[in-house]
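In this note's numbering, the protein residues as written are 37 to 393.
Virtual Cβ for every residue (Gly too), placed ideally from N, Cα, C.
Quantities reported herein were computed from a predicted structural model and do not represent experimental measurements.
All remarks here apply to the structure that follows.
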């Protein structure tokens, strides 16, 4: 009997080892396309209501509903995003060249603002070492060149591997189609196969979907709206490179408290200091009354319920995710944090339940 149990345990252990090895092998195979697979999954989750809407109008036509949803995603989301991205890269490259050739003099802009300040503030800035316009020019130029140069390098990397980009894009669309059509069945199969209690797996899956939807709708959509409003405001007052500044504002919206104000506030102050009164006033009024209020109005409507993640953790995990994975980290960072909190919360509940018995 003992020998049989030992043999059974060895066989089970060998099978689990096989599962682990083949899972790692599969991960290694799909690793080059992990990013398009991730975005295909996120798109399938976010646009599942659109698929259901088409399916109601075409009952039992799952393939047609998924194809129609994919066409809407392509023309309403993907192609506009690619156009905006190419325009932003072009503006960033132009500014990078202008800074490198000395066509933009930061010290002149700084001196205009500095001269408009009260004498007491000027004296304080002088004592702190911010009155040296040449030093400010050098530091600001180096910072901007480094930032714009990074964007240019990423653009060259994408342009230098056009085949890889097209392949990844095609894979994302292809996988997205099947995830839209068969996503629920695939999800149920994955949950049933997980080596954990089904109720716990269901709770984690619900947490996963909640965080994905909250992150995309509450952060990405709000950021895009704030960036679009900022770009529109800058265009009205005649500020150049409005698309680039709008994208920077959309990214800055992830930062609590300050958010897009780190972009529009310096622009408004500079316009006022250089005599562009109505332009500066419009930027500041738009920033406070319009751009700043979008987060307070839209986020509760779009998210609907709290993710349960503290703001400081959202900030840290978002920035950490971006540093680790690029653009995908905006969603992946908070997602990992939310699953971490949910997993340990369930563990604490199980432990407390076991102690009470």
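Starting from residue i, follow the alpha helix (DSSP H) in both directions and report where the run begins and ends.
i	result
residue 295	First-last for residue 295: undefined, no H or E at that position.
residue 285	278-288
residue 268	258-273
residue 247	234-251
Going by the CB atoms, is the gap between residue j and residue i shorter than 8 Å?
i	j	result
residue 307	residue 319	yes
residue 372	residue 366	no
residue 258	residue 331	yes
residue 82	residue 217	no
residue 303	residue 272	no
residue 326	residue 286	no
residue 84	residue 219	yes
residue 78	residue 252	yes
residue 379	residue 215	no
residue 351	residue 291	yes
residue 103	residue 213	yes
residue 254	residue 297	no
residue 370	residue 247	yes
residue 311	residue 345	no
residue 227	residue 238	yes
residue 86	residue 105	yes
residue 299	residue 284	yes
residue 269	residue 322	yes
Can you tell me which of the three DSSP states residue i falls into?
i	result
residue 363	helix
residue 94	coil
residue 83	coil
residue 56	helix
residue 193	Low confidence applies to residue 193: its pLDDT is 49, below 50, so where it sits in the model is not reliable enough to give any reading.
residue 310	coil
residue 2	Residue 2 lies beyond the range of the chain shown here (37 to 393); nothing can be said about it.
residue 207	helix
residue 73	helix
residue 346	coil
residue 68	helix
residue 231	coil
residue 118	helix
residue 291	coil
residue 375	helix
At a cut-off of 7 Å, would you count residue i as near the ligand ATP, judging by its Cβ distance to the nearest heavy atom?
i	result
residue 323	No copy of the ligand ATP occurs in the structure displayed, which carries no ligand at all.
Checklist entry - Are the region 270-287 and the region 375-389 touching by the rule of at least three beta carbon pairs closer than 8 Å? => result With a cut-off of 8 Å, the region 375-389 and the region 270-287 do not count as touching, because too few Cβ pairs lie within range.
Item to check | Three CB pairs or more closer than 8 Å across the region 103-114 and the region 258-266 | outcome: No: the two stretches stay apart, fewer than three of their Cβ pairs being nearer than 8 Å.
Checklist entry - Would you say the region 71-78 touches the region 205-217, given that touching needs at least three Cβ pairs under 8 Å? => result Under the 8 Å Cβ criterion, the region 71-78 counts as touching the region 205-217, having at least three qualifying pairs.
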